[in-house]
Each structure stands twice: as C-alpha cells, then as structure tokens.
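S.K.: Have a look at this one.
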Amino acid sequence: MAEPVLSISGIEKTFHGESESCPALSGVSFDIAAEEIVCIMGPSGCGKSTLLRIIGGLEHADTGSIHGISGPTGEGASAAMIFQDHALFPWLSVEENIIYGLRLSAQKVPDIEVQRRVDALLSLIHLTSFARSLPHELSGGMKQRVSVARALAIRPSILLMDEPFSALDIFARGELEDEILRIRQELKTTILMVTHNPEEAVYIADRIIILSERPGVVAGIVTVPLPHPRSPADPDFIRIREEVAGRVKGKNVVRCGIQHE
Ligand code: ADP
Ligand code: MG
64 MAEPVLSISG IEKTFHGESE SCPALSGVSF DIAAEEIVCI MGPSGCGKST LLRIIGGLEH
124 ADTGSIHGIS GPTGEGASAA MIFQDHALFP WLSVEENIIY GLRLSAQKVP DIEVQRRVDA
184 LLSLIHLTSF ARSLPHELSG GMKQRVSVAR ALAIRPSILL MDEPFSALDI FARGELEDEI
244 LRIRQELKTT ILMVTHNPEE AVYIADRIII LSERPGVVAG IVTVPLPHPR SPADPDFIRI
304 REEVAGRVKG KNVVRCGIQH E
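Just so you know, our numbering puts 126 at position 63 of the sequence shown, and the rest follows in order with no gaps.
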C-alpha cells in the first residue's frame, strides 16, 4: 500500500447516559492510502457514523489517535463530510451553497479563486446550467451532487461520506457512484464512505472494512482487486459481494438505551 494519508489507531468511544453507558467503538485501527476509496460496513448501530464523526472532528474519541489529516498545501485539518440527507440550505442557490462551504472553512480564499473553484466544480458535477437554481428545483441525485461539490470546494485531503446515496433511487445511486469514481480519477481525492449495501461497496471500493456489532472493532478487511469499470454481473464481482455480505454479521441494534438525536 502507498504511504497512508490517514492513520487511525485504537479509537475507543463510550457514550454515557444518566444511568447507563453505551460502548460504541472499542479499539478501531486502520490506514487509508492516498487516492484510495475505502468503504466501512457493519451492522446497524455498530458505531460507523460515530467513527466517521470522530475522524471528521465532529465528535471526540475517548482514546486513540488520528494522524495525517492535513490540507494538500498544509492549511491544516481538512476532512469534508457528506451526510445521507443532502443538508443544503434551501434558501441559497446551488452556487451559493457551494460557496458557503468555502466561507465556513478557515481557509482564506480570495474572491476570484472562490469563483474559479465554484465554476470548476459546477462543471465537474454537470450542473453549470443550474448554478442559480434553488435546491427544491433539483432532483435528489442532483442535490447530492451539489453536496459533494460543496464538500470538495475546500479541497479536503479526505472526503468522508455517511451512507450518502441510500436515500436515492437505484438509478440516481448508480450515477452518483460513477460520479464519485470519476471525481477520484480527476481530483485524486481520498474517500472514506459508510454504506450498508455490499454491491455498492464492491462497485466503488478498493478496500472494504467490516466492523463487528457494537462495540465496533475491525472484524475484517476485504480487498477488491477488480479493474474499473466493474460489472455487478461479473462472477468475481459476485463472489466478492457474497463474501462481504457474509462477513457483515451480528445484531442490528440501531440504538442503545441512551436518548440522543
Ligand atoms: P451506525 O452508524 O453504525 O448505525 P452509530 O455510530 O450511529 O451507529 O451509533 C452507535 C451506537 O452509539 C448506537 O447504539 C447509538 O445509539 C449510540 N450513540 C450514537 N450517538 C450517540 C449519542 N450522541 N449519545 C448516546 N448514544 C449515542
Ligand atoms: Mg449510521
């Protein structure tokens, strides 16, 4: 494997309620190489979202370390997160939504560079003619493409995606998967993505990390050595998909006893 861009080591996390505690992650370690697409799978409630939130800096781990998240030109931490729900601002146009990500980041990007990046991203996601449209004028797949562009605007060293396509219909999902592969090709982006769909994981990933039931630990890693474009009808594809599906085991306990959003 090439030099890791991200090295995750011994991540543990327990949530504490008034009378009980909920161990979510118990010692998760793995590396991600530059330009790699890694998928995370595991039963519901095993801590996948918690792990991504920790890597993205939205949550603190109790112990463990994350090394290597830094901007391509050394501007500091740069992981960008995409959620299942596109989370665009309904009152901002497509273009303004993409710009918003840049304005929020600590990077000082001059206005002319902001416009240049936004134009390039609009063209990358094929939405140039929708620059002035509002989110409600777009399909679900288009909205999710805008959130991908918004995340890419800060030039993150890693893109973190939490079940980003699971609310989309099968056609939109297929398009977005191809889009992500194309973006990785063009922008050399490193991607860590949670999915519960073995077919999606085998279609897109270089490696698939399988977590055990809660508290999550790495239960296995499956490498997908197939060239792109991959065909879900290819016998090797089917064999790996079945292997992955068979290794995602354990109880789907969506929630522990602690109330949270
Ligand atoms: P997954 O994404 O794999 O379905 P999560 O990471 O969302 O799982 O949650 C893992 C476990 O941690 C679940 O049992 C969930 O109820 C619990 N949990 C997640 N966030 C919180 C929180 N903020 N407070 C208390 N418990 C939480
Ligand atoms: Mg989740």
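All residues carry an ideal CB built from backbone N, CA and C; glycine is no exception.
Can Ile267 and Ile284 be called in contact, C-beta distance under 8 Å?
M.R.: Taking 8 Å as the Cβ cut-off, Ile267 and Ile284 do not qualify as a contacting pair.
S.K.: With DSSP as the reference, identify every bridge partner of Ile217, one or two as the case may be.
M.R.: Ile217 pairs with nothing; no bridge assigned.
S.K.: In this structure, what does DSSP give as the bridge partners for His323?
M.R.: His323 pairs with nothing; no bridge assigned.
S.K.: Considering only heavy atoms of the ligand MG and the C-beta of each residue, which residues fall inside 7 Å, strictly closer?
M.R.: That gives Lys111, Ser112, Asp225, Glu226 and Val257.
S.K.: So, does the segment 199 to 217 touch the segment 155 to 165, judging by three or more C-beta pairs under 8 Å?
M.R.: Touching, yes.
S.K.: Pull up the distance between the alpha-carbon of Glu98 and that of Asp269, whole angstroms please.
M.R.: Distance between the alpha carbons of Glu98 and Asp269 is about 10 Å.
S.K.: Going along the chain, which unbroken runs of the beta strand (DSSP E) with 3 or more residues stay wholly within the segment 264 to 312?
M.R.: Complete beta strand (DSSP E) runs here, min 3: 270 to 274 and 281 to 286.
S.K.: Does at least one heavy atom of the ligand ADP sit under 7 Å from the Cβ of Phe193?
M.R.: Checking every heavy atom of the ligand ADP against the Cβ of Phe193, none is found closer than 7 Å.
S.K.: Starting from Lys111, trace the alpha helix (DSSP H) in both directions and tell me its first and last residue.
M.R.: From DSSP, the alpha helix (DSSP H) with Lys111 extends over Lys111 to Ile118.
S.K.: Just verifying my parser: in three-state terms, what is the DSSP assignment at Pro67?
M.R.: Reduced to three states, the DSSP call for Pro67 is strand.
S.K.: Taking DSSP's pairing of strands, which residues face Leu255 in a bridge?
M.R.: Paired residues: Val101 and Leu223.
S.K.: Within 8 Å, do at least three Cβ pairs link the segment 218 to 235 to the segment 199 to 209?
M.R.: At 8 Å Cβ cutoff, the stretches touch.
S.K.: Look at Pro261 and Pro198 and say whether their C-beta atoms are less than 8 Å apart.
M.R.: Not in contact: Pro261 and Pro198 (Cβ atoms no closer than 8 Å).
S.K.: Does any residue of chain B bring its CB to less than 8 Å from the CB of His259?
M.R.: Absence of chain B from the displayed structure is noted, only one protein chain being present.
S.K.: How long is the line joining the alpha carbons of Leu222 and Ser72, rounded to whole angstroms?
M.R.: Roughly 19 Å separates the two Cα atoms.
S.K.: Tell me whether Cys102 counts as near the ligand ADP, meaning its Cβ is closer than 7 Å to at least one heavy atom of that ligand.
M.R.: Because no heavy atom of the ligand ADP lies under 7 Å away, the Cβ of Cys102 does not count as near it: no.
S.K.: Which value, in whole angstroms, describes the spacing of the CA atoms of Ile175 and Leu187?
M.R.: Cα to Cα, Ile175 sits roughly 18 Å from Leu187.
S.K.: Cα separation between Gly131 and Gly313?
M.R.: Near 31 Å, if we compare the C-alpha coordinates of Gly313 and Gly131.
S.K.: Say yes only if the C-beta of Ala87 is nearer than 7 Å to one or more non-hydrogen atoms of the ligand ADP, and no if none qualify.
M.R.: Yes, since a heavy atom of the ligand ADP falls inside the 7 Å radius drawn around the Cβ of Ala87.
S.K.: Compute the Euclidean distance between the alpha carbons of Ser30 and Val307, then round it to the nearest angstrom.
M.R.: Because the chain is modelled from 64 through 324, residue 30 falls outside the range shown and cannot be assessed.
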